[in-house]
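Here the structure comes first, spelled out in structure tokens, and everything after it is commentary.
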Amino acid sequence: MRQSHWAAAVIGWVAAASCHAADLGGGEGWSLDTPDATLDRSSSAMVVQIGRANSAKVEQQAQGSGVAIRQSGKNQAAQVQQSGKDLSVDIAQDGSGNAVNLTQTGRHTTATVLQDGHDNRADVAQLGNGLRLVITQTGDGGRVRATQNP
Amino acid sequence: MKCFELTPIALAALLLCTQAYADTSTITQSGQANIAASAQVGGTGNSINLSQTGTGNQAGTAAGNPGIDQQSAQSSSVAATQNGTQNTLLVQQYQTNKATANAQQIGTQNNATIEQTAGSHDYQSTVLQNGFANNASVQAALAANTGALVSLGWANDTVDQAGNSNRATVLQTATIDSGYTTYQRGDNNSATIAQSNQYGGAVNSAEIAQSGSSNTASAFEDSNATTSAKIHQGMSGVTAAYTTVTSSASVDQRRNSETSALIDQSSTSASTAAITQADSLLSSAQILQTGSGHAANVSQASVQNSSALISQSGNAQTATITQASGNQLYANVTQSGASDVALVTQSGQGNSAYITQTGWGGQNNVATISQSASNYVASVTQTGSGNTANINQH
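Protein chains in written order, with my numbering: chain A, 21 to 170; chain B, 53 to 446.
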């Protein structure tokens with residue numbers, strides 16, 4: 021049954037988590053010069069922040085749209101709220117003490133979170149079907165909470 | 053039968069007899085409370101030369117004194133010089149094609165008015181004032197019933213003021229391919245240009261350059277023209293004494309076919325720049341500011357394929373771009389400094405917004421992009437610490 025995919029998949033808080041799914045390709049780094057943004061979508065939002073204690077907040081209500089966030093430094097925060105369908109989010113943080121808060125509502129949504137450093141946190145909630153989530157943390161003291169259709 | 057033949061000598065004599073001589077009037081007054089008036093009607097190449105030295109002299113604007121008046125002529129010119137204080141000058145050129153008026157006032161509290169209207173075309177006027185509390189007013193207008201001559205009509209006005217508390221006002225109404233330039237050097241000066249009811253296909257331009265403090269400049273361009281407006285405050289290369297502080301500049305362009313606006317402010321603090329463009333195609337707006345505590349505002353409504361750019365260097369700057377009801381719009385804000393704020397709001401399809409906040413020690417900057425409709429792109433780039441990026445797409 022299709023509804024079976026709606027079963028909650030609470031991964032919970034996982035220390036030093038490394039959650040791979042499907043086609044991530046293994047936690048490779050990213051370049052600020054060529055961010056892997058989803059600009060081929062009909063609408064896109066991109067945030068690049070380099071430094072410390074910066075915060076990015078993106079709210080998107082659209083179809084076929086994408087968000088890309090790149091943060092380099094300590095104590096950075098990324099918050100994304102998406103609703104619609106065929107949505108994607110790509111977040112990469114390089115540093116320590118960084119945080120990701122992501123909520124996606126809709127069909128065929130994709131989220132990729134890459135955190136490189138220590139004491140990072142990722143909190144992701146997805147509601148809908150055809151969900152895809154990839155969270156990768158490298159370093160110590162990482163925390164992940166991933167929720168799909170709770 | 054022998055035909056009548058014109059010999060060279062007879063032809064030269066005939067030309068001398070039929071040639072119209074230009075009228076010339078020269079008035080020179082020195083002293084106080086002098087009054088001068090001169091009028092010329094008809095003819096070609098007429099000229100009036102006025103020179104007044106003293107205080108309280110009048111060449112027009114007083115009751116019963118028409119001042120310098122030229123009517124129904126071709127290629128007429130006026131040259132007026134007033135040296136002193138509280139002098140007044142009025143130059144009126146009616147139905148005079150290719151009219152030229154040059155006025156020079158040296159002193160304080162002088163008032164110069166040049167009116168080139170009612171069926172004339174191809175004007176040129178220049179007002180030079182050196183002193184303070186001077187007032188210059190230039191009005192150029194083509195009558196709507198001038199028929200084919202309208203296509204040849206242009207007005208080119210220049211006001212040059214050195215000193216403080218000077219005022220310059222230029223109105224160009226129903227002209228075509230016209231230009232206006234004002235130079236003001238000093239403090240508390242104001243310059244206003246209005247180009248309205250332009251004829252279709254006109255290419256008009258306005259430029260205001262001010263160096264000093266507490267100056268104001270505004271340009272208004274309306275209707276059916278390809279227009280450009282440039283305002284410079286705090287010109288480069290001037291001495292520190294002319295550093296601009298708390299100056300304001302505004303450009304308002306409406307119902308044109310293609311418009312461009314540039315405001316360039318190089319000053320220390322607290323200056324404002326505003327550009328409004330509405331109901332036009334291919335509009336572009338650009339504001340450049342250096343210093344701190346400045347505010348830049350670009351508002352574009354009902355425009356297509358248009359762009360707005362704001363570039364600020366310094367701290368505590370504010371940049372606001374609002375693009376409403378338009379498609380294929382482009383907004384770009386670049387700020388280098390700390391505690392800067394950038395806000396871009398767009399509605400329409402295919403719009404894009406970019407905010408870049410960088411610079412040495414950039415911190416506590418805030419960037420916000422709000423977009424509605426579809427097919428939009430938003431991008432924020434920040435370097436430093438304590439920065440905030442907000443993107444809202446609906």
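All residues carry an ideal CB built from backbone N, CA and C; glycine is no exception.
These numbers were taken from a predicted model, which means no experiment stands behind them.
Using a Cβ-Cβ cut-off of 7 Å, His446 of chain B counts as an interface residue toward chain A, since at least one Cβ of chain A sits closer than that to its own. Between Thr311 of chain B and Ser335 of chain B, the gap from beta carbon to beta carbon is short of 7 Å.
Per DSSP, the continuous beta strand (DSSP E) segment holding Gly71 of chain A begins and ends at 63–72.
Ala131 of chain B sits close to Asn101 of chain B, with the two beta carbons spaced by under 7 Å. Taking the Cα of Val144 of chain A as reference, the smallest distance to any Cα among A:Thr158, A:Val100, A:Gly159, A:Ile89 is reached at A:Val100.
Taking a 10 Å sphere around the C-beta of Asp274 of chain B, we find 16 or more other C-beta atoms and assign the residue as buried.
Put simply, of B:Asn218, B:Gly436, B:Ala348 the residue whose alpha carbon is nearest the alpha carbon of Thr244 of chain B is B:Asn218. Within the segment 301–388 of chain B, the runs of beta strand (DSSP E) that reach at least 3 residues and sit entirely inside it are, in chain order, 310–321, 324–330, 335–344, 347–353, 359–365, 370–376, 382–388. DSSP lists A:Ala98, B:Ala441 as the beta-bridge partner residues of Ala76 of chain A.
With contacts defined as CB atoms closer than 7 Å, Gln338 of chain B and Leu314 of chain B qualify as a contacting pair. Residues of chain B with a Cβ closer than 8 Å to the Cβ of Lys77 of chain A are, in chain order, Thr440, Ala441, Asn442, Ile443.
Counting along the chain, Tyr232 of chain B sits inside the beta strand (DSSP E) bounded by residues 231–237. Under the DSSP assignment, Leu107 of chain A falls outside any beta strand (DSSP E); it carries neither an H nor an E label. The shortest CA-to-CA distance from Gln181 of chain B to any of B:Glu167, B:Val222, B:Tyr235, B:Ser230 is the one to B:Tyr235.
A straight-line Cα-Cα distance of about 10 Å links Ser377 of chain B and Ala425 of chain B. Beta bridge pairing from DSSP links Tyr428 of chain B with no other residue.
Ranked by how close their Cα comes to the Cα of Thr130 of chain A, the residues A:Lys105, A:Gly117, A:Gly159 have A:Lys105 in first place. The beta carbon of Val429 of chain B sits closer than 7 Å to some beta carbon of chain A. Partner residues in the beta bridge of Ala405 of chain B, as assigned by DSSP, are B:Ala383, B:Ala430.
Taking a beta-carbon distance threshold of 7 Å, Val385 of chain B does not count as an interface residue toward chain A. When A:Ala76, A:Gly161, A:Val154 are compared, the shortest CA-CA separation from Thr420 of chain B is found for A:Ala76.
Distances from the CA of Gln341 of chain B to each of B:Ser351, B:Ile362, B:Val355, B:Gln352 were compared; the closest alpha carbon is that of B:Ile362. Taking a Cβ-Cβ cut-off of 9 Å, the neighbours of Gln434 of chain B in chain A comprise Val67, Val68, Gln69, Ile70, Gly71, Asn74, Ala76, given in sequence order.
Counting along the chain, the unbroken beta strand (DSSP E) around Leu141 of chain B starts and ends at 140–149. The beta carbon of Ser335 of chain B does not come within 7 Å of any beta carbon belonging to chain A, so the residue lies off that interface. For Thr152 of chain B, the enclosing beta strand (DSSP E) stretches over residues 152–158.
Cβ contact annotation for Ser62 of chain A (same chain, cutoff 8 Å, sequence separation greater than five): Ala82, Gln83, Gly84, Ser85, in chain order.
Going by C-alpha positions, Ala155 of chain B is about 6 Å away from Thr133 of chain B.
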